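Structure record follows, encoded as structure tokens.
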Amino acid sequence: MNKKCLAPLLIAVTLALAGCKSDKNGSYTDMGADNGTLPNGDKVDLSGGIPPTRPGGDFNPDKDVNYGTLESDTVYFAFDSSTIPGAERAKLAAAAEWLKANPGHALFLAGHADKRGTPEYNRALGERRALAVREYMVGLGLPAASLFTNSYGSDRPAVQGDTEQAYAKNRRVQIGVIVQK
Amino acid sequence: MTDLKLSHSIPRILLLAVVAGFFSATAQAQVVVNPSVLVRVGITPLTGGEGRMATEVLGADLKRTGMISPVDGGSGEYAASGEVTDSGVTGKLVNKKSGEEVFSQTFSGKARAATHLFADAITKAVTGLPGFASSRLAFVSDSSGAKELYLGDIDGYGVRAITHDGVISASPSLNHDATKLTYTSYKSGYPDIYLIDLSSGGRNRIAFFPGINSGPSFSPDGSQIAMTLSKDGNPEVYVMPTSGGTPVRITRTRGAETSPSWSPTGDRLVYSSDDRGSPQLFISSSTDVSEMDHLVTGNSYCTKPDWSPDGKLIAFTTRIGGQFQIGVFDVASRNAHLITTSGGEDPAWTADSRHLVYSNNGRLYLLDVVSHQSLPIETSVSGAGEPTVSR
């Protein structure tokens, strides 16, 4: 779980350690500190995650998002998981290419869960799915400022019903294009 | 996946221990020695214009406690009588063994509400436990097409929709005296937290950070609200004053923390976290980021905890064999057991720490965790879920 978070973390830690070297001659000598706070060091946020943002103005996610353009890039998840399955990643690469080819646009990532489980946990699960997709797309080189998120938990299923097939279609992140006014 | 040690019924010894626990905490409790014997309260029909209705309500309230058997006036260990007036109910309770008057008191309000207060006073006097007849009930229902908030009495009377927004409303929490309700609404298009003053109907948006703002829960005294915010990049638990102000962060993990519920003393929170892979229950301080105490239930999927008002039990929703059931965790012994077998979600304790209101397939139920009796709460609203009760 959360293995994907380790790569950026390692990079961040490596960068932080590199930053601890003394400014001029490139030699770091003070090994005395044993409490994790070296001289001139700082702290990395171990909880990870890129803080979400909301578009400004009178943006309304119910009215100002077009989910048609990138409908085929909807990403599906396993039960109770916010890890993007390997087979789904090509869709995100395709969506990232679309955004690079259409500069000035922004994407809206809508996270959903299937109906099983308590509504509150499902809302957080949908949020984690949307944030995981955002983080992955930032890793593909998209600016975080062009990627907005929301979670609808289990309240907006794509398919009604109590079958595993229906559930699988509902555990998803939809990728919408924010309509420019 | 994990070895399920949850039994489908409370072992007899534990059951007695729980009951004994209830009563040891209430040394002033009279009469009740053997918990399997109901206290019989004889009801002389209440007088006054609405006396007939009040008598029926009183009997139903006392029966619902699971500890009292309402009987005809003249029999029983206690005698209850009263008069319904324009301003309330004047009620009297007599201990027939000693011949002493336990109380004679006027409960103000409309006949039905005042009768509930009378029932709670009798319950307190004869069992030592607070009654819940006067508690209010709120929940969500999608019966109108959108998830709206509903409010009524805990016996299902007078339930009506209090929002008509046509958007998702979720996770209501009533404060102790049902003067305020906080919940999640997508009115802005995003999940934000709102506070409703139930005397005036005034509604304010109190948390609307980027990301989700959800699952608010009143502290026992109503002065603070715990909630889930994802503003810092991940769904975490925060606490903010009900009067407004900066939320204080309580958890810091890479998982999602949801559904915080307060200890009766207000110094700790129990919540669900999937930081270890699947959702589990944890307790930590309600004032800052601190060590998380994992409540081992023997089940890999545990969400929506609710801490009992007496502090002894934590009810939660758990997933077993693909079905959702209600479990109870004993805080002192750290043992968990199942208390439903035919499904249930979103448990909420009543004031006596003996009953749970929960939902199952769109209906609400009242469950006695000692007798395991579950009774439907009759309302005209279908598609109900996420109940909360004042206590």
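Quick mapping for you: the protein sequence lines, in order, are chains A and B. Take this note's numbering: the final residue in the first sequence is number 213, and no numbers are missing along the way. Take this note's numbering: the final residue in the second sequence is number 395, and no numbers are missing along the way. Note that beta-carbon positions come from the ideal geometry of N, C-alpha and C, so glycine has one too. Computed from a predicted structure; not experimentally measured.
| query | result |
| --- | --- |
| C-beta atoms of V393 (chain B) and R68 (chain B) nearer than 8 Å | no |
| Close-in-space but distant-in-sequence residues of the same chain around K151 (chain B) (CB under 6 Å, 5 per side omitted) | V144, I172 and S173 |
| Simplified DSSP assignment, three categories, for G237 (chain B) | coil |
| Which listed residue (B:D356, B:G347 and B:L371) has its alpha carbon closest to that of P313 (chain B) | B:D356 |
| Member of B:T188, B:N179 and B:H180 whose CA lies at the smallest distance from the CA of T167 (chain B) | B:T188 |
| Cutoff 8 Å: I72 (chain B) Cβ touching any chain A Cβ | no |
| Three-way DSSP call (helix, strand, coil) for M296 (chain B) in this model | coil |
| Chain A contact for K303 (chain B) (CB, 8 Å cutoff) | The sequence shown places Asn at residue 303 (chain B), rather than the Lys named in the question. With 8 Å as the cut-off, N303 (chain B) does not count as an interface residue toward chain A. |
| Cα-Cα separation between N404 (chain B) and G193 (chain B), rounded to whole angstroms | Here chain B covers residues 5 to 395 and nothing more, so residue 404 (chain B) does not appear. |
| Chain A contact for E295 (chain B) (CB, 8 Å cutoff) | no |
| C-alpha distance - S378 (chain B) paired with G70 (chain B), whole-angstrom precision | 11 Å |
| CB contact flag (L233 (chain B), N208 (chain B), <8 Å) | no |
| Buried versus exposed, by CB contacts within 10 Å (16 or more), E382 (chain B) | exposed |
| Listed by chain order, chain A residues near G389 (chain B) by CB distance under 8 Å | P151 |
| Y161 (chain B) beta carbon less than 8 Å from that of V385 (chain B) | no |
| 8 Å Cβ cutoff, G171 (chain A) in contact with chain B | no |
| Among A:K147, A:L174 and A:R155, nearest to T133 (chain A) - alpha-carbon criterion | Checking the sequence shown, residue 133 (chain A) turns out to be Ala, not Thr. The shortest Cα separation from A133 (chain A) among A:K147, A:L174 and A:R155 belongs to A:L174. |
| Own chain residues within Cβ distance below 6 Å of L371 (chain B), not counting five before or after | L360 and S378 |
| Per-residue contacts from E349 (chain B) into chain A (C-beta, under 7 Å) | T150 |
| Cβ neighbour criterion (16 or more within 10 Å) applied to D236 (chain B) | buried |
| As assigned by DSSP and simplified to three states, the class of Y199 (chain A) | helix |
| Chain B contact residues for I82 (chain A), given Cβ-Cβ distances below 9 Å | G237 |
| Reduced DSSP secondary structure (H/G/I, E/B, other) of N474 (chain B) | Absent from the structure is residue 474 (chain B), since the part of chain B shown begins at 5 and ends at 395. |
| Three-way DSSP call (helix, strand, coil) for M63 (chain A) in this model | Residue confidence for M63 (chain A) is low, a pLDDT of 43 falling below 50, so the modelled location carries little weight and cannot support an answer. |
| Buried or exposed (CB count within 10 angstroms, at least 16 for buried), A58 (chain B) | buried |
| Limits of the alpha helix (DSSP H) - the one that P151 (chain A) falls within | P151 to G171 |
| Any non-hydrogen atom of the ligand FAD closer than 7 Å to F320 (chain B) Cβ | The ligand FAD is not part of this structure, which contains no ligands at all. |
| Span separating the alpha-carbon of I324 (chain B) from that of T131 (chain B) | 35 Å |
| Cross-chain neighbours of Y194 (chain B) in chain A, by beta carbon under 8 Å | R86, P93 and N182 |
| DSSP-derived helix/strand/coil call for M231 (chain B) | strand |
| Under 8 Å between C-beta atoms of P74 (chain B) and V41 (chain B) | no |
| I172 (chain B) at chain A interface by Cβ criterion, 8 Å | yes |
| 8 Å Cβ cutoff, A190 (chain A) in contact with chain B | no |
| H137 (chain A), DSSP secondary structure in three states | coil |
| Which of helix, strand or coil DSSP assigns to F91 (chain A) | coil |
| Beta strand (DSSP E) segment containing D350 (chain B), residue limits | E349 to W353 |
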